[in-house]
Amino acid sequence: MNDSPLLSCDARQLGRSLRLWRTLRRLKQGAVAAELKVSQTTVSRWESGSAAPSLDEQQALRRLMAARLDSAADFELGRLVERTPAPVHLICDLSHRLLAMSRARESLCRLPRAALMGRALWRYATPEIVAQEARLDDLGWYEPGPDAIEFDTGAAVEQDMPIWSSRMRWVRFQLSDGSFVRLAETLA
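Going by full-length UniProt numbering, 186 is the number at position 186 of the sequence shown; the sequence numbering is gapless.
Here you go:
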(Lines of atoms letter the chains of each structure in order from A and count residues from 1; the text may use other names and numbers.)
(Lines give C-alpha, C1' and ligand atoms only; values in the text may rest on other atoms or scores of the structure.)
Protein backbone atom coordinates (compact mmCIF):
# COMPACT_ATOMS: atom_id res chain seq x y z
CA MET A 1 0.00 0.00 0.00
CA ASN A 2 1.09 3.53 -0.51
CA ASP A 3 1.66 5.77 2.47
CA SER A 4 -0.72 8.48 1.38
CA PRO A 5 -4.26 8.75 2.71
CA LEU A 6 -5.44 10.44 -0.50
CA LEU A 7 -8.17 7.86 -0.94
CA SER A 8 -9.56 8.69 2.47
CA CYS A 9 -11.24 11.93 1.65
CA ASP A 10 -11.81 13.45 -1.76
CA ALA A 11 -11.40 17.19 -2.30
CA ARG A 12 -15.09 17.90 -1.65
CA GLN A 13 -15.00 16.38 1.83
CA LEU A 14 -11.65 18.02 2.52
CA GLY A 15 -13.17 21.43 1.73
CA ARG A 16 -16.18 20.69 3.94
CA SER A 17 -13.87 19.57 6.73
CA LEU A 18 -11.80 22.73 6.32
CA ARG A 19 -14.87 24.92 6.71
CA LEU A 20 -15.91 23.16 9.93
CA TRP A 21 -12.35 23.10 11.28
CA ARG A 22 -11.90 26.80 10.56
CA THR A 23 -15.29 27.74 12.03
CA LEU A 24 -14.61 25.88 15.28
CA ARG A 25 -11.32 27.72 15.64
CA ARG A 26 -12.90 31.04 14.72
CA LEU A 27 -10.40 31.52 11.92
CA LYS A 28 -11.10 33.59 8.85
CA GLN A 29 -10.44 32.20 5.40
CA GLY A 30 -7.65 34.78 5.01
CA ALA A 31 -5.76 33.38 8.00
CA VAL A 32 -5.91 29.87 6.57
CA ALA A 33 -4.93 31.21 3.15
CA ALA A 34 -1.87 32.95 4.63
CA GLU A 35 -0.86 29.77 6.47
CA LEU A 36 -1.13 27.72 3.27
CA LYS A 37 0.29 30.47 1.01
CA VAL A 38 -2.80 30.63 -1.23
CA SER A 39 -5.41 33.33 -1.76
CA GLN A 40 -8.56 33.74 0.34
CA THR A 41 -10.53 33.14 -2.87
CA THR A 42 -8.82 29.76 -3.25
CA VAL A 43 -9.82 28.75 0.28
CA SER A 44 -13.39 29.88 -0.43
CA ARG A 45 -13.50 27.78 -3.61
CA TRP A 46 -12.18 24.72 -1.76
CA GLU A 47 -14.80 25.11 0.96
CA SER A 48 -17.63 25.54 -1.54
CA GLY A 49 -16.46 22.58 -3.61
CA SER A 50 -16.06 24.68 -6.75
CA ALA A 51 -12.30 24.03 -6.86
CA ALA A 52 -10.13 21.17 -5.70
CA PRO A 53 -6.81 21.58 -3.95
CA SER A 54 -3.78 20.10 -5.70
CA LEU A 55 -2.23 16.98 -4.22
CA ASP A 56 0.40 19.09 -2.42
CA GLU A 57 -2.33 21.42 -1.12
CA GLN A 58 -4.36 18.42 0.07
CA GLN A 59 -1.35 17.19 2.05
CA ALA A 60 -0.84 20.67 3.54
CA LEU A 61 -4.53 20.82 4.51
CA ARG A 62 -4.30 17.39 6.17
CA ARG A 63 -1.25 18.48 8.17
CA LEU A 64 -3.00 21.69 9.20
CA MET A 65 -6.23 19.94 10.29
CA ALA A 66 -4.64 16.79 11.72
CA ALA A 67 -6.25 15.56 14.92
CA ARG A 68 -4.24 15.84 18.10
CA LEU A 69 -5.03 14.77 21.62
CA ASP A 70 -4.22 18.20 23.06
CA SER A 71 -7.05 19.00 25.45
CA ALA A 72 -7.52 17.27 28.80
CA ALA A 73 -10.68 15.54 27.53
CA ASP A 74 -9.00 14.35 24.33
CA PHE A 75 -5.94 13.16 26.24
CA GLU A 76 -8.27 11.19 28.52
CA LEU A 77 -9.89 9.62 25.45
CA GLY A 78 -6.45 8.41 24.40
CA ARG A 79 -5.89 6.92 27.85
CA LEU A 80 -9.26 5.15 27.69
CA VAL A 81 -8.36 3.65 24.32
CA GLU A 82 -5.02 2.46 25.69
CA ARG A 83 -6.70 0.81 28.69
CA THR A 84 -9.58 -0.91 26.93
CA PRO A 85 -9.31 -4.71 26.81
CA ALA A 86 -10.52 -4.79 23.18
CA PRO A 87 -8.14 -4.59 20.19
CA VAL A 88 -8.75 -0.97 19.15
CA HIS A 89 -6.80 1.98 17.89
CA LEU A 90 -7.58 5.66 17.37
CA ILE A 91 -6.42 7.50 14.27
CA CYS A 92 -6.77 10.96 12.77
CA ASP A 93 -9.59 10.62 10.24
CA LEU A 94 -7.74 12.78 7.68
CA SER A 95 -4.14 11.65 7.95
CA HIS A 96 -4.60 8.13 9.38
CA ARG A 97 -1.86 8.87 11.91
CA LEU A 98 -2.02 6.70 15.02
CA LEU A 99 -3.09 8.63 18.13
CA ALA A 100 -3.73 5.83 20.62
CA MET A 101 -3.73 2.04 20.72
CA SER A 102 -4.97 -0.51 23.22
CA ARG A 103 -2.59 -3.01 24.73
CA ALA A 104 -4.66 -5.77 23.11
CA ARG A 105 -4.05 -4.25 19.66
CA GLU A 106 -0.39 -3.59 20.44
CA SER A 107 0.10 -7.26 21.37
CA LEU A 108 -0.76 -8.17 17.77
CA CYS A 109 1.90 -5.85 16.31
CA ARG A 110 5.52 -6.52 15.45
CA LEU A 111 6.54 -3.06 16.65
CA PRO A 112 5.81 -1.50 20.04
CA ARG A 113 3.13 1.19 20.27
CA ALA A 114 5.80 3.87 20.74
CA ALA A 115 7.31 3.05 17.33
CA LEU A 116 3.89 3.28 15.63
CA MET A 117 2.56 6.42 17.36
CA GLY A 118 2.21 9.34 14.97
CA ARG A 119 2.83 7.11 11.98
CA ALA A 120 0.30 7.05 9.15
CA LEU A 121 -1.27 3.58 9.14
CA TRP A 122 -2.52 3.77 5.56
CA ARG A 123 0.42 1.63 4.38
CA TYR A 124 -1.06 -1.32 6.33
CA ALA A 125 -4.53 -1.16 4.76
CA THR A 126 -5.92 -4.30 3.18
CA PRO A 127 -7.76 -4.11 -0.18
CA GLU A 128 -11.04 -4.35 1.78
CA ILE A 129 -10.08 -1.38 3.96
CA VAL A 130 -9.15 0.63 0.86
CA ALA A 131 -12.51 -0.25 -0.73
CA GLN A 132 -14.41 0.70 2.43
CA GLU A 133 -12.53 4.00 2.61
CA ALA A 134 -13.64 4.78 -0.95
CA ARG A 135 -17.31 4.28 0.07
CA LEU A 136 -17.28 6.58 3.11
CA ASP A 137 -18.99 9.52 1.42
CA ASP A 138 -21.79 7.28 0.13
CA LEU A 139 -22.23 5.92 3.66
CA GLY A 140 -22.68 9.40 5.15
CA TRP A 141 -19.36 9.29 7.01
CA TYR A 142 -18.77 13.03 6.61
CA GLU A 143 -22.24 14.04 7.78
CA PRO A 144 -22.98 14.99 11.40
CA GLY A 145 -23.39 11.96 13.66
CA PRO A 146 -22.59 9.19 11.16
CA ASP A 147 -23.46 5.60 11.99
CA ALA A 148 -20.69 3.16 12.83
CA ILE A 149 -19.50 1.16 9.85
CA GLU A 150 -18.85 -2.57 10.06
CA PHE A 151 -17.23 -4.64 7.33
CA ASP A 152 -15.14 -7.74 6.79
CA THR A 153 -11.48 -7.50 5.87
CA GLY A 154 -8.97 -9.97 4.60
CA ALA A 155 -5.58 -10.58 6.13
CA ALA A 156 -2.30 -8.71 5.77
CA VAL A 157 -0.17 -10.33 8.45
CA GLU A 158 3.37 -9.90 7.10
CA GLN A 159 3.77 -6.30 8.25
CA ASP A 160 4.55 -4.25 11.37
CA MET A 161 0.86 -3.79 12.16
CA PRO A 162 -0.73 -7.06 11.03
CA ILE A 163 -4.38 -7.30 10.10
CA TRP A 164 -6.10 -10.67 10.32
CA SER A 165 -9.23 -11.71 8.47
CA SER A 166 -11.85 -10.22 10.73
CA ARG A 167 -14.86 -8.00 11.13
CA MET A 168 -13.99 -4.35 11.73
CA ARG A 169 -15.98 -1.45 13.14
CA TRP A 170 -15.17 2.19 12.52
CA VAL A 171 -16.70 4.99 14.56
CA ARG A 172 -16.07 8.65 13.68
CA PHE A 173 -16.31 11.43 16.21
CA GLN A 174 -15.07 14.91 16.87
CA LEU A 175 -12.40 16.01 19.30
CA SER A 176 -12.70 19.16 21.37
CA ASP A 177 -10.74 21.18 18.78
CA GLY A 178 -13.14 20.19 15.99
CA SER A 179 -10.87 17.66 14.30
CA PHE A 180 -12.18 14.19 13.56
CA VAL A 181 -10.86 10.85 14.69
CA ARG A 182 -11.72 7.27 13.90
CA LEU A 183 -11.91 4.50 16.44
CA ALA A 184 -11.06 1.24 14.66
CA GLU A 185 -12.02 -1.96 16.45
CA THR A 186 -11.36 -5.54 15.48
CA LEU A 187 -14.56 -7.44 16.35
CA ALA A 188 -13.75 -11.04 15.49
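Glycine is no exception: its CB is placed at the ideal position from the N, C-alpha and C atoms.
Where residue i falls, given that 16 or more other Cβ within 10 Å makes a residue buried
| i | result |
| --- | --- |
| F180 | buried |
| P53 | buried |
| L27 | exposed |
| P112 | exposed |
| E131 | Before going on, a small fix: residue 131 reads as Ala here, not Glu. With fewer than 16 other Cβ atoms within 10 Å, it is exposed. |
| M65 | buried |
| S8 | At S8 the pLDDT is 38, less than 50, meaning the model places this residue with poor confidence and gives no usable figure here. |
| R172 | buried |
| D93 | buried |
| R182 | buried |
| L55 | exposed |
Closest by C-alpha distance to residue i, when choosing among the options
| i | options | result |
| --- | --- | --- |
| R167 | G178, E150, D70, A155 | E150 |
| residue 192 | Y142, D152, L116, A34 | Because the chain here runs from 1 to 188, residue 192 falls outside it and cannot be looked at. |
| Y124 | D160, W170, L55 | D160 |
| M101 | R110, L94, P87 | P87 |
| Q40 | F173, Q29, S48 | Q29 |
| I163 | L139, W122, R172 | W122 |
| S165 | D138, A188, D93, V32 | A188 |
| Q58 | L69, V38, F173, E76 | V38 |
Proximity of residue i and residue j at Cβ, strictly below 8 Å
| i | j | result |
| --- | --- | --- |
| W46 | G78 | no |
| L145 | E128 | Rather than Leu, the amino acid found at residue 145 in this sequence is Gly. Contact flag unset, no. |
| I91 | A184 | yes |
| L20 | G178 | yes |
| L116 | C109 | yes |
| L24 | A60 | no |
Identified DSSP bridge partners for residue i
| i | result |
| --- | --- |
| Q174 | F180 |
| L90 | A100, L183 |
| A66 | Beta-bridge pairing links A66 to no other residue. |
| M168 | F151, T186 |
| I163 | A156 |
Range of the contiguous alpha helix (DSSP H) that encloses residue i
| i | result |
| --- | --- |
| V32 | 29-36 |
| G49 | Element bounds for G49: n/a, residue is neither H nor E. |
| D137 | Unbroken run through D137: none, as it is neither H nor E. |
Enclosing beta strand (DSSP E) for residue i [first to last residue]
| i | result |
| --- | --- |
| A120 | A120 -> no beta strand (DSSP E), and no H or E assigned at all. |
| T153 | 149-153 |
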